[in-house]
Structures are given as structure tokens and as C-alpha cells.
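Have a look at the structure below before the remarks.
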Amino acid sequence: MSVVSYLARRAAQKERVRILYRRALKDTLNWAVHRHLFYPDADALRERFEANRNVEDIELIERMITAGEAAHDKWRHPDPYIVPWAPGGSKFCRNPTPPAGIEIVYNYGREDND
């Protein structure tokens, strides 16, 4: 394996690990009701990732990433928290745009009193 392909593959693996960690951390927050319950779970998750930080075998890293992604997909929260104004949130498109032909006047109290 050439040096360039090795470095490219390692960079891709690092990115996948970063994405997996962020997704797992956000999902941990979905399972915890309060922050004081979340912090120990987040510390345990970080320790699991840190335990394998110095692994150098590319094939072993690939298998570990695949197993981690499969475990995350299996234990993902069935009803994740969605920010209210994000797509799928409770406030997303709450106030639809008015129909054509309706004009909204924003000069409240400053109307012409002729």
C-alpha cells in the first residue's frame, strides 16, 4: 500500500470516527432526561473511544468502526429530540406564508390619520 493511499484511508477513518462519536454523543443526550444523568454517560462514551485511540492496524480500525456504527444504529433512540425550529421540529413551518394577494402591514400605530 502506498503512503498516499494509506494516509487517505486513515483520514477517511478519522472522519468516520469523529462522525460516529458526535452521533453517539447526541444520541446519549436523547436517552438522558437530565444533564446530571447525561454527564456520566458521556464520560463513559468518551472512555470507550479513548481506549482504542492508539490502534494502528487499518483493518482492525475498519472492523471497529463498522461494529460501532452497527451498534449505534441498533441502540439509536426511537424518538430523538429535534430542535423546535428545525425540519421535523414542533415549530417548523408553524406559521405558513400567507396566500397570494394578502398584504401584511408592519407600521402598527403609525397609520395616516387624514
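Its first residue numbered 1207, the sequence shown is counted upward by one per residue in my numbering.
Glycine residues also receive a C-beta, built at the ideal position from the N, C-alpha and C atoms.
Because the structure is a prediction, the values reported are computed rather than measured.
Could you check the C-alpha separation between residue i and residue j for me, to the nearest Å?
i: residue 1241; j: residue 1294; result: 23 Å
i: residue 1275; j: residue 1269; result: 10 Å
i: residue 1291; j: residue 1300; result: 9 Å
i: residue 1256; j: residue 1262; result: 14 Å
i: residue 1235; j: residue 1305; result: 40 Å
i: residue 1288; j: residue 1239; result: 14 Å
i: residue 1219; j: residue 1267; result: 8 Å
Applying the criterion that 16 or more other CB atoms from any shown protein chain within 10 Å of the CB defines a buried residue, is residue i buried or exposed?
i: residue 1230; result: buried
Within a Cβ cutoff of 7 Å, which residues of the same chain sit near residue i, ignoring the five residues on either side of it in sequence?
i: residue 1222; result: 1271
i: residue 1280; result: none
Just to confirm my understanding: we take residue i, look at its own chain, exclude 5 residues before and 5 after, and list those with CB closer than 8 Å. What are they?
i: residue 1278; result: 1226, 1229, 1230 and 1233
i: residue 1212; result: 1264
Give the C-beta separation of residue i and residue j to the nearest angstrom, bearing in mind that I take them to be a contact with Cβ-Cβ under 8 Å.
i: residue 1215; j: residue 1264; result: 6 Å
Three or more C-beta pairs below 8 Å linking the stretch 1239 to 1256 and the stretch 1296 to 1306: With the cut-off at 8 Å, the stretch 1239 to 1256 and the stretch 1296 to 1306 do not touch.
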